Amino acid sequence: MSYLFKDTEKAAHRLRLLADVFAFSSRPFLQTVVDTAPEMVIDLGCGPGHTTRLLAEVTQCSQAIGLDSSEHFLSLARMIAPAHLSFVHHDVTQTPFPTGPCDLIFCRLLLTHLQEPLSVLERWGTQLRPQGLLLVEEVEWIRTEHPLLRHYLEIQAALLRQQANELYIGPRLQQHQVNDGLERRLSHVYHVPVSTAQAATMFSMNLPSWKHHPFIQQQYGGSIDQIEQDLHALANDAIGEGEIVWGMRQLAYERK
1 MSYLFKDTEK AAHRLRLLAD VFAFSSRPFL QTVVDTAPEM VIDLGCGPGH TTRLLAEVTQ
61 CSQAIGLDSS EHFLSLARMI APAHLSFVHH DVTQTPFPTG PCDLIFCRLL LTHLQEPLSV
121 LERWGTQLRP QGLLLVEEVE WIRTEHPLLR HYLEIQAALL RQQANELYIG PRLQQHQVND
181 GLERRLSHVY HVPVSTAQAA TMFSMNLPSW KHHPFIQQQY GGSIDQIEQD LHALANDAIG
241 EGEIVWGMRQ LAYERK
């Protein structure tokens with residue numbers, strides 16, 4: 001699998017900010033669904049391990065394992081990992097996982113980057129123990145009235161479509177009927193308010209990783225540098241600019 005935003009130091013910084021922002025939705029999601037401390041949990045696409053640590057903290061699991069295809073991110077995660085957290089190099093689209101069956105699998109903002117996400121979702125379910133949980137958080141919608149942020153999101157969505165991916169994959173996940181081995185226990189949309197400055201900061205960190213992509217240069221080459229400059233300016237001067245709201249589709253599946 002390939003990751004649009006790469007694994008640079010700037011990307012790691014962006015993931016730290018992303019973790020802080022979306023803990024707002026992930027923490028109550030986990031608290032609502034997980035009522036018994038699991039033995040083993042797996043964080044798919046763990047990056048530098050921020051979400052893995054959140055999983056371990058909220059679920060009080062015996063063991064938390066992060067899987068990622070970036071050795072750079074994994075090395076960062078291992079630097080500050082307590083004894084019950086571990087990090088393993090693995091392409092999360094491939095099963096079986098090197099961990100063996102587990103009690104809980106978590107992924108956030110990952111399926112939007114994968115080819116054939118519904119098939120991958122079904123395969124993940126096979127890696128659960130009986131009554132194990134598969135928890136997914138993906139984007140349903142993003143709402144903002146700010147013209148620069150709206151334009152950035154249009155460009156990002158177009159680039160993902162060009163790669164056969166979906167930015168707003170939440171509705172597709174909601175419509176999908178899982179196989180007989182899984183049962184959907186929960187599905188709703190959680191609203192995550194984010195300041196304009198935070199959003200502009202995240203977007204300005206994203207853009208350099210894909211602005212030289214051939215599709216972007218062909219479609220937006222004459223304006224992409226100015227968009228990047230405007231995002232940097234907005235990140236620094238957006239006090240009082242209002243909010244942008246992410247609608248996060250939260251789905252919980254249980255292995256029969």
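According to UniProt numbering, the sequence shown is numbered sequentially starting from 1. Using N, Cα and C, we set each Cβ at its ideal position, and we do this for glycine too. Bear in mind the structure is a predicted one, so any value in this text is a computation, not a measurement.
Would you grab the beta carbon distance between residue i and residue j for me? Rounded to a whole angstrom, and I think it's under 8 Å.
i, j, result
"Ala83", "Pro48", "No, Ala83 and Pro48 are not in contact; Cβ-Cβ is about 18 Å, not under 8 Å."
"Val41", "Leu110", "Not quite, the Cβ-Cβ distance comes to about 15 Å (not below 8 Å), so this is no contact."
"Arg255", "Leu128", "4 Å"
"Val178", "Glu122", "7 Å"
"Val189", "Arg108", "Actually they are not in contact, since the Cβ atoms of Val189 and Arg108 sit about 14 Å apart, beyond 8 Å."
"His151", "Ile227", "7 Å"
"Tyr253", "Gly125", "6 Å"
"Asp43", "Ala64", "7 Å"
"Phe106", "Leu135", "5 Å"
"Ala157", "Leu167", "4 Å"
"His50", "Ser69", "Actually they do not touch by this definition, with Cβ atoms about 17 Å apart."
How is residue i classed by DSSP in three states: helix, strand or coil?
i, result
"Leu109", "coil"
"residue 285", "Because the chain spans 1 through 256 in this model, residue 285 falls outside it and cannot be assessed."
"His151", "helix"
"Ala252", "strand"
"Phe29", "helix"
"Gln229", "helix"
"Gln218", "helix"
"Leu114", "coil"
"Ala83", "coil"
"Leu74", "helix"
"Asn206", "helix"
"Leu167", "coil"
"Thr95", "coil"
"His13", "helix"
"Tyr3", "Below a pLDDT of 50, predicted positions are generally treated as unreliable, and Tyr3, at 46, falls in that range; no measurement from the model is reported."
"Ile239", "coil"
"His176", "coil"
"Val34", "coil"
"Ser223", "coil"
"Ala19", "helix"
Can you pull the DSSP bridge partners for residue i?
i, result
"Trp246", "Ile142 and Val192"
"Val41", "Ala64 and Leu104"
"Leu234", "Looking at the DSSP assignment, Leu234 forms no beta bridge with any residue, so it has no partner."
"Val136", "Cys107 and Leu251"
"Arg184", "Tyr253"
"His89", "Asp68"
"Leu128", "Cys102"
Evaluate residue i with the Cβ neighbour count: other Cβ atoms within 10 Å of its Cβ, from every protein chain shown; 16 or more gives buried, anything less gives exposed.
i, result
"Met1", "With a pLDDT of only 48 at Met1, under the threshold of 50, the placement of this residue in the model should not be trusted; the figure read from the coordinates follows. Exposed: under 16 other Cβ atoms inside 10 Å."
"Pro130", "exposed"
"Ala233", "exposed"
"Leu251", "buried"
"Asn236", "exposed"
"His176", "exposed"
"Met205", "buried"
"Thr59", "buried"
"Gly66", "buried"
"Glu140", "buried"
"His113", "buried"
"Ile239", "exposed"
"Ser75", "exposed"
"Ser62", "exposed"
"Gly170", "buried"
CB of residue i to nearest heavy atom of the ligand COA: below 7 Å?
i, result
"Gly100", "In the structure on display, the ligand COA does not appear, and there are no ligands present to speak of."
Just checking, does the segment 50 to 62 make contact with the segment 110 to 120 on the three C-beta pairs under 8 Å criterion? no
Using 8 Å as the Cβ pair cut-off and three pairs as the minimum, do the segment 203 to 221 and the segment 171 to 187 touch? These segments do not touch.
Hey, is the segment 143 to 157 in contact with the segment 188 to 204, meaning 3+ C-beta pairs nearer than 8 Å? yes
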